[in-house]
Amino acid sequence: MKYDEIDKQLLELLSEDGRLSYVELAEKVGLSRVAVKDRIQNLKDKGIIEKFSVVINSEKMGKKVSAFFEVDVEPKQLQEVAQNLADNQNVASIYQMTGPSTLHMHVLVEDFQKLETFINNELYSVEGITRVESSVILKRFKSRTGYKL
Numbered sequence: 001m002k003y004d005e006i007d008k009q010l011l012e013l014l015s016e017d018g019r020l021s022y023v024e025l026a027e028k029v030g031l032s033r034v035a036v037k038d039r040i041q042n043l044k045d046k047g048i049i050e051k052f053s054v055v056i057n058s059e060k061m062g063k064k065v066s067a068f069f070e071v072d073v074e075p076k077q078l079q080e081v082a083q084n085l086a087d088n089q090n091v092a093s094i095y096q097m098t099g100p101s102t103l104h105m106h107v108l109v110e111d112f113q114k115l116e117t118f119i120n121n122e123l124y125s126v127e128g129i130t131r132v133e134s135s136v137i138l139k140r141f142k143s144r145t146g147y148k149l
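Once you know that position 59 of the sequence shown is 59 in full-length UniProt numbering, the rest is easy, because the numbers rise by one and skip nothing.
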């Protein structure tokens, strides 16, 4: 997808504060409000901007334990297992990775008891899973959503 320097500036500004108005954006990039509105609509139409959203601090919402899982799955059951796990409210993200039918999953739960319950009742019970490896996050140094210019 093609975009120019002004589009890049708009994307950077919106990445920092998605609530900036067209007027505020226009002042920062030196264009009219209408031109900025058209550019943003074009970026949306091209799929460069997928959506506008809010980033919620999971810890402040009570999800104090964050863990990553490597889950190996029988190849025939990969799609079904992935969808099953994706539908779980504790699963923040899930990706298919290279390797022998491996899923990479990020889970957020309230405490270690809930993590144990998730592992024993909602992960080990899923048919098709052949191996589970987990790592609990001790400290976050950097975290971001989406692509950073």
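C-beta atoms are modelled at their ideal positions from N, C-alpha and C, and glycine is treated no differently.
Inter-residue spacing [alpha-carbon to alpha-carbon] between residue i and residue j
i, j, result
"K51", "T98", "28 Å"
"R33", "N57", "32 Å"
"L123", "L10", "42 Å"
"N84", "V136", "22 Å"
"N120", "G18", "39 Å"
"V91", "L115", "11 Å"
"F112", "E59", "14 Å"
"V73", "A86", "14 Å"
Simplified DSSP assignment, three categories, for residue i
i, result
"T117", "helix"
"V54", "coil"
"Q87", "Note on residue identity: the sequence assigns Asp, not Gln, to residue 87. In this structure, D87 counts as coil in the three-state DSSP scheme."
"I48", "coil"
"residue 226", "A question about residue 226 goes unanswered here, because the residues of the chain that appear run from 1 up to 149."
"V126", "coil"
"R33", "helix"
"S15", "helix"
"F141", "coil"
"L43", "helix"
"K60", "coil"
"D4", "coil"
Paired residues, beta bridge with residue i - DSSP
i, result
"Y95", "H104"
"A67", "V107, V136"
"D72", "T102, R131"
Contact check, residue i vs residue j, beta carbons under 8 Å
i, j, result
"E12", "Q77", "no"
"Y3", "I48", "yes"
"Y22", "K8", "no"
"T117", "V71", "no"
"E24", "G62", "no"
"V31", "I6", "Note that residue 31 is Leu in the sequence shown, not Val. Cβ distance < 8 Å, so L31 and I6 count as in contact."
Assess contact between the stretch 54 to 72 and the stretch 97 to 111, defined as three or more Cβ pairs (one per stretch) separated by less than 8 Å. Is contact present? Contact between the stretch 54 to 72 and the stretch 97 to 111 is present, because at least three Cβ pairs lie under 8 Å.
When you compare the stretch 72 to 86 with the stretch 116 to 134, are there three or more beta-carbon pairs, one atom per stretch, that lie closer than 8 Å? Because the criterion of three Cβ pairs below 8 Å is met, the stretch 72 to 86 and the stretch 116 to 134 touch.
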